[in-house]
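Beneath this line is the structure, given in structure tokens, with notes to follow.
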Amino acid sequence: MRIEPKFPLFKLPFLCIECALLEFHVFDLLTFSFVSKKCKNTVKLVKKHCWKKINIYKDFNKISIKFLQDGDAWDCGWFFSLNGHRELFTRDIGFLSVNSDWINSKTYPFLSEDPQESAIRAIEYLTNCLNRPIYECRIFMDNLPVRYRDSLVPLMIHCEVFLLANDTVLENDEITEILKNLRVRGGIIINTPLNHNFDTSQFKSERISFKTIGAASVTRSILFGLQQNEILVFNCIYSKIRAEDFVEFFDRWYNSEDKKFKNLLLKWKDAREPFNMNLLNAYEIHKYDSRRRAPAFGVLQWFRKKCEDGMDIMRKDGLWATILNTRECLYFHVWLEPFEDTTGRKTWLN
Amino acid sequence: MSVENAPVVDVDEAAIPVEKKMYYRFESNDKKEFRVSELAIQQSETLNRLVEAMGYTSEDVENKPAIAIENIDGKTLKLVFQWCEHHKGEAIPVDDGSVPKIVEIPEFDAKLMDIDNGLLFKLIWAADYLNIVQLLNVSCKKVANMAQGKTPAQLRRVYLLPSDEEDEAAKRAAQEAQDPRAREVEEEFEERKRQGGNSFF
Chain A
-6 MRIEPKFPLF KLPFLCIECA LLEFHVFDLL TFSFVSKKCK NTVKLVKKHC
44 WKKINIYKDF NKISIKFLQD GDAWDCGWFF SLNGHRELFT RDIGFLSVNS
94 DWINSKTYPF LSEDPQESAI RAIEYLTNCL NRPIYECRIF MDNLPVRYRD
144 SLVPLMIHCE VFLLANDTVL ENDEITEILK NLRVRGGIII NTPLNHNFDT
194 SQFKSERISF KTIGAASVTR SILFGLQQNE ILVFNCIYSK IRAEDFVEFF
244 DRWYNSEDKK FKNLLLKWKD AREPFNMNLL NAYEIHKYDS RRRAPAFGVL
294 QWFRKKCEDG MDIMRKDGLW ATILNTRECL YFHVWLEPFE DTTGRKTWLN
Chain B
-16 MSVENAPVVD VDEAAIPVEK KMYYRFESND KKEFRVSELA IQQSETLNRL
34 VEAMGYTSED VENKPAIAIE NIDGKTLKLV FQWCEHHKGE AIPVDDGSVP
84 KIVEIPEFDA KLMDIDNGLL FKLIWAADYL NIVQLLNVSC KKVANMAQGK
134 TPAQLRRVYL LPSDEEDEAA KRAAQEAQDP RAREVEEEFE ERKRQGGNSF
184 F
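Protein sequence lines, in the order shown, are assigned to chains A and B.
So the first sequence is residues -6 to 343, counted in this note's numbering.
So the second sequence is residues -16 to 184, counted in this note's numbering.
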């Protein structure tokens, strides 16, 4: 008979216990926290886990909770099946091949009859026990069972990035229901068509991005209704939003006292007409001056866009902005920080 | 143990610069003596500071009594100094939390730590006491590896973890073991409070 090794962990000084717990795989750490209140409290006291953040994805058949270290790649996670199985599955790329299926987990105490309830309990436990933020929350509405479409709110917890995706237009009320409890610290990503009369002031976040399907519904009125300081629209359609709208948006800022707005990016999906420079005749345009501003500005947290060939314009209060016209995009950047440090960021190529 | 008979722990002479070739003598709490190179001692922040503060010359090292390490026995200290000699000259990791710590157990360390858990416990305790960062990391990694894939019940057995009920019972026992007079005062205070007394004194 094999004798299990025995090691009196709690007889060690706390520093050593912490050092050992830092070396635990996240699954083992959580299993450890399930042993007793004292174990859970000890895990809560460990401050320097390499597990930086938690992502939550909800799509047509499951709610996934993914544990992330540095970078975007996820290493392991749980999923709760929405197909009526009272089960929780775990996956660990470190142990299994990437293509292998998730494996059924037997040791987790969160399971209830309702998988969404199980997931919510798991998320609450994780954020409380590991003391890590929810970084990204993605809701893919397509094919989501009706009963789970109506009860999304509990998952809308404080997160850094929120993505809402759907192939077809969602009812305004349905989006309103989702947004009313949303507390996004960073950005909202919209990848679902919006009704032209949707009240965009309901988007409460620092920045907003519209991806392909969402971007195709962005019109002048939607753009002008946004209150974010960073607005990125990828693959908009020229028949719905034009270069003139971009310049008018700039002009609104130019004649305002707004000291928070930072970035507008419009990238067209279809070929657009060449940018008509006459649209900027009303402004005094300056060339790049290295004493005035940096040669590149930051886009999102991870990118830098070179803009030495941009057109610089000064507002009456002395704040500088740059308009940059590339083959596919129009950029408008306000130099709130003229020499923002963007070293180490990837260069934005569009 | 005489100076001549003190064990010298695996020393790679070629790796030690000539001007640093000084061996300190240490004595465990069970009177076992060890000679350890100055370079190896640098792996331990505690011992390094101690010898720096002592400012021993080569003659002092030979003539003065061995430096006593009161809290560690000879068996454990032998492992510690073997580890320090093998890793002498290596950079000491700085854990400022800026990068995720990835600890792997080298082959030498794995062999060194092929010991029973009682000795492993003492080794971790010694690494912490002597502030040998990397030895603490690898020994704790070995402890963490014991948890791989275990259920809560298995973890309880492996790490001798008390249940909530056992923790409660231990807490009660500790309270009951309080100084009886202190308990009497406490009870009297509670009684007076119940009777509505304004002042205890």
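We put the CB at the ideal spot given by N, CA and C, even for glycine.
Considering only the alpha carbon of each residue, which of the options lies closest to residue i?
i: B:Thr29; options: B:Pro76, B:Lys71, B:Ile115; result: B:Ile115
i: A:Leu38; options: A:Ser111, A:Leu75, A:Cys122; result: A:Cys122
i: A:Trp71; options: A:Ala112, A:Ser105, A:Asn188; result: A:Ala112
i: A:Phe60; options: A:Phe3, A:Ser26, A:Thr120, A:Ile10; result: A:Thr120
i: A:Asp52; options: A:Leu157, A:Cys300, A:Phe7, A:Ala289; result: A:Leu157
i: A:Glu301; options: A:Gly311, A:Met307, A:Ala289, A:Lys309; result: A:Ala289
i: A:Leu75; options: A:Glu106, A:Pro102, A:Asn269; result: A:Glu106
i: A:Leu272; options: A:Asp263, A:Phe239, A:Asp192; result: A:Phe239
i: B:Lys94; options: B:Arg8, B:Glu35, B:Ile52, B:Trp66; result: B:Trp66
i: A:Asn174; options: A:Ser26, A:Gln195, A:Leu163; result: A:Gln195
i: B:Pro145; options: A:Ile132, A:Ser26, A:Phe254; result: A:Ser26
i: A:Phe191; options: A:Leu163, A:Arg200, A:Glu199; result: A:Leu163
i: A:Lys262; options: A:Gly311, A:Asn48, A:Val28, A:Cys322; result: A:Cys322
Applying a beta-carbon distance threshold of less than 7 Å, which residues of chain B neighbour residue i?
i: A:Val39; result: Result: empty, since nearest Cβ-Cβ is about 12 Å, beyond 7 Å.
i: A:Val28; result: Pro135, Leu138, Arg139, Leu144
i: A:Ala13; result: Cys123, Val126, Ala127
i: A:Cys32; result: Leu144
Taking all protein chains shown into account, decide if residue i is buried (16 or more other Cβ within 10 angstroms of its Cβ) or exposed.
i: A:His151; result: exposed
i: B:Gly101; result: exposed
i: A:Ile215; result: buried
i: A:Ala115; result: buried
i: A:Phe0; result: buried
i: A:Thr161; result: exposed
i: B:Arg139; result: buried
i: B:Val1; result: Its pLDDT being 48, under 50, B:Val1 is placed unreliably in this model, and the coordinates cannot settle the point.
i: A:Met134; result: buried
i: A:Gln221; result: buried
i: B:Ile85; result: exposed
i: B:Leu202; result: In the structure as shown, chain B starts at -16 and stops at 184, and residue 202 of chain B therefore has no counterpart that could be examined.
i: B:Val77; result: exposed
i: A:Cys12; result: buried
i: B:Ala196; result: Within the shown structure, residues of chain B are numbered from -16 to 184, placing residue 196 of chain B beyond reach of any answer.
i: B:Gln161; result: exposed
Which residues in the same chain as residue i place their Cβ atom closer than 7 Å to its Cβ, once the five residues preceding and following it in sequence are excluded?
i: A:Arg338; result: Gly291, Trp295, Phe296, Arg297
i: B:Ile88; result: Val121, Lys124, Lys125
i: A:Lys46; result: Leu61, Arg125, Pro126, Tyr128
i: A:Phe73; result: Lys55, Ile56, Leu81, Pro108, Ser111, Ala112
i: B:Met5; result: Glu21, Ser41, Val44
i: A:Val36; result: Leu14, Leu22, Phe25, Ser26, Cys122
i: B:Asp111; result: Leu119
i: A:Val211; result: Phe203, Val226, Cys229, Lys233, Ile234
In chain order, what residues of the same chain have a beta carbon less than 6 Å from the beta carbon of residue i, not counting five sequence neighbours either side?
i: A:Met304; result: Ile278, Ile316
i: A:Leu225; result: Ser202, Leu258
i: B:Ser(-15); result: At B:Ser(-15), the pLDDT of 44 sits below 50, so the modelled position is not reliable; the number obtained from the coordinates is stated separately. Result list for B:Ser(-15): empty, nothing under 6 Å.
i: B:Asp92; result: Val121
i: A:Ile132; result: Lys51, Leu157
i: A:Thr205; result: Asn228
i: A:Phe243; result: Phe325
i: B:Val63; result: Ala109
Please list the partners that residue i has in chain B, where partner means a Cβ-to-Cβ separation under 8 Å.
i: A:Leu2; result: Val126, Tyr142, Leu143, Leu144
Since residue i meets chain A, which of its residues come closer than 7 Å, beta carbon to beta carbon?
i: B:Ala130; result: Phe17, Asp21, Phe25
i: B:Ile107; result: Leu5, Cys9
i: B:Asn100; result: Pro(-2), Lys(-1), Phe0
i: B:Asn120; result: Cys12
i: B:Val86; result: Glu16
i: B:Asp111; result: Pro6, Leu8, Cys9
For residue i, which residues in chain A fall below 8 Å Cβ to Cβ?
i: B:Phe104; result: Phe0, Pro1, Lys4, Leu5
i: B:Leu30; result: In chain order: nothing, as chain A lies at least about 18 Å away.
i: B:Asp43; result: Per Cβ cutoff of 8 Å: no residues; B:Asp43 is ~33 Å from chain A at best.
i: B:Asp150; result: Ser29, Lys30, Lys31
i: B:Asp92; result: Per Cβ cutoff of 8 Å: no residues; B:Asp92 is ~14 Å from chain A at best.
i: B:Asp147; result: Ser29, Lys30, Lys31
Might you give, ordered along the chain, the residues of its own chain that have their beta carbon closer than 8 Å to the beta carbon of residue i, omitting 5 neighbours on each side?
i: B:Leu103; result: Met96, Ser122, Lys125, Val126
i: A:Arg286; result: Asp305, Trp313, Thr315, Trp328, Pro331, Phe332
Which bits of chain A does residue i rub up against, with CB to CB less than 9 Å?
i: B:Val77; result: None at all; the shortest Cβ gap to chain A is about 13 Å.
i: B:Asp13; result: Near B:Asp13 there are no residues of chain A at all, since even the closest Cβ is about 21 Å away, more than 9 Å.
i: B:Asp97; result: Those do not exist, as B:Asp97 stays about 12 Å from chain A at its closest Cβ, beyond 9 Å.
Practice task
Kindly confirm or deny that the region 117 to 137 of chain B and the region 13 to 22 of chain A touch, where touching means at least three C-beta pairs closer than 8 Å.
Solution key: Yes: at least three Cβ pairs fall under 8 Å.
Exercise for the section: Specify whether the region 230 to 239 of chain A and the region 279 to 287 of chain A touch according to this definition: at least 3 beta carbon pairs, one from each stretch, less than 8 Å apart. Expected result: no
Problem - Stretch pair the region 291 to 299 of chain A + the region 237 to 253 of chain A: three plus CB contacts closer than 8 Å - result: With the cut-off at 8 Å, the region 291 to 299 of chain A and the region 237 to 253 of chain A do not touch.
Exercise for the section: Count the CB pairs spanning the region 19 to 37 of chain A and the region 116 to 123 of chain B that are closer than 8 Å, and state whether there are at least three. Expected result: no
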